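Just so you know, numbering that gives the first Met the number 0 puts 71 at position 72 of the sequence shown, and the rest follows in order with no gaps. A short worksheet on the structure shown next.
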Amino acid sequence: MNWRRYFWPVIGIAAVAFSLWLLIHELRGISLNDVWAGIAAIPPRGWVLAALSSVIAYASLAGYDHIALLHIGKKVSWLFVTLCSFTTYAVSHNIGGSVFSGAVIRYRAYATRGLTGQEVGVLVAICWFTFILSSVLLGGLVLLLEPQIIDRFTGAPHHGAAFAAGFAMLILVGAYAFGSWLRLRPLKIGSFQLHYPALPIVARQLLVGPVELLAAAAIIYFALPEAGNPGYFVVLGVFMVSFSIGLLSHAPGALGVFEVVFLTGLSDMDPVGVLAALLVFRLFYLIIPLLIGLCVVLYFEHSQYSRGKS
């Protein structure tokens, strides 16, 4: 039976439908004119800083592939890697299932540069783990410094549990770095070997990954109105919860899911201003990169077709 092929797409579509229903319920009484007014109220400085944050975020995402290629010892031109990474994330962020969709795009691109399927698999795994590692690191710091962030979603204080969870998350990150320092033996599965990243690789992971998340959250922060703004660190915490739940939902572009969770986390702010900031985020982090990424894909496929024909 091929039901497994349709399982996650169905889950993603169901998550979108349910989240949109919740979002409509949450935003009842808010008109399109209100939303447009909220977008128009964003000052030029906010637009510029949000756009700059998006550039930094995607530049950092390109660093994921560079780190992975350094780990597997493959040299590919800087421009090709940057364009491949940008296109991979621009497309996968929009269609959902980023690990699997990203793997398909990367294999198509890197196979033309001599990488085997196994090497691309390791590359995808390193990129995925870099994101997880960065999320755990920043999540731990947020829970330690702003333990009340959990209260925004639960409605009850859990400061002790949040502090303990944050401390445990940082211990996990420290254990990962310590394992690299110990130079642990590679994991062998048949003829396949997965080598533990060296300390320089781990250091890059702990630098590049968090910068991407910090910059992505900054897009929303700079677009939010000043009235009631809880500060960047709280916005970062709400963003990480919203972004993580959006990814887990497998909804295309986390549509609806991201907005519902974010509005819940910033329920003390004017929902019009929050929704306007989220639309700016979708514009700079999803829509514009997707349009550019599709152009890159078309150019790549055209060049491959022309090369094969010649």
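We treat Cβ as the ideally placed atom computed from N, Cα and C, and that holds for glycine. Small disclaimer: the values here were computed from a predicted structure and weren't measured.
| Item | Value |
| --- | --- |
| Reducing DSSP to helix, strand and coil, say where SER266 ends up. | coil |
| By how many angstroms is the C-alpha of PHE128 removed from the C-alpha of TRP180? | 18 Å |
| Just verifying my parser: in three-state terms, what is the DSSP assignment at PRO42? | coil |
| Using only the alpha-carbon positions, how far apart do ARG104 and ALA197 sit? | Reading off the sequence, residue 104 comes out as Ile, not Arg. Taking the straight line joining both Cα atoms gives about 27 Å. |
| In three-state terms, what does DSSP make of SER179? | helix |
| Note down, in chain order, each residue of its chain lying with its Cβ closer than 6 Å to the Cβ of ARG112, except the 5 sequence neighbours on either side. | VAL75 |
| At the level of alpha carbons, what is the spacing between GLY159 and ASP150? | 11 Å |
| Go ahead and pull the three-state DSSP assignment for ARG184. | coil |
| Identify every run of the alpha helix (DSSP H) within the stretch 222-250, keeping only runs that are complete inside it and at least 4 residues long; order them along the chain. | 231-248 |
| Decide yes or no for the touch test of the stretch 225-236 against the stretch 254-270: beta carbon pairs closer than 8 Å, at least 3 of them. | yes |
| Run through DSSP, which three-state label would ALA75 get? | Looking at the sequence itself, residue 75 is Val, so the reference to Ala does not match. VAL75: coil per DSSP, three-state reduction. |
| How about ILE49 and PRO224: are their beta carbons less than 8 Å apart? | First, the residue type needs correcting, since residue 49 is Ala and not Ile in the sequence shown. No, Cβ-Cβ distance for ALA49 and PRO224 is not below 8 Å. |
| Ends of the alpha helix (DSSP H) at GLY139? | 116-144 |
| By the three-class DSSP mapping on this structure, what secondary structure does TYR195 have? | coil |
| Pick out whichever of GLY272, GLN147, GLN303 has its Cα sitting closest to the Cα of ALA36. | GLY272 |
| Helix or strand or just coil, what does DSSP make of ALA67? | helix |
| Between which two residues does the alpha helix (DSSP H) containing ARG151 stretch? | 150-153 |
| Please report the distance separating the alpha-carbon of VAL296 from that of LEU143. | 42 Å |
| Give every residue of the same chain whose Cβ lies closer than 8 Å to the Cβ of GLY178, excluding the five residues on either side of it in the sequence, and list them in chain order. | TYR195 |
| Please identify the residue among PHE242, LEU183, TYR175, GLU211 whose C-alpha is closest to the C-alpha of VAL201. | TYR175 |
| Between PRO209 and TYR57, which are expected to be in contact by the criterion C-beta below 8 Å, what is the C-beta distance as a whole number of angstroms? | About 15 Å; that fails the 8 Å criterion. |
| Could you tell me if ALA216 is buried or exposed, where buried requires 16 or more neighbouring beta carbons within 10 angstroms of its beta carbon? | buried |
| Roughly how many angstroms separate the alpha carbons of LEU69 and ARG182, rounded to a whole number? | 17 Å |
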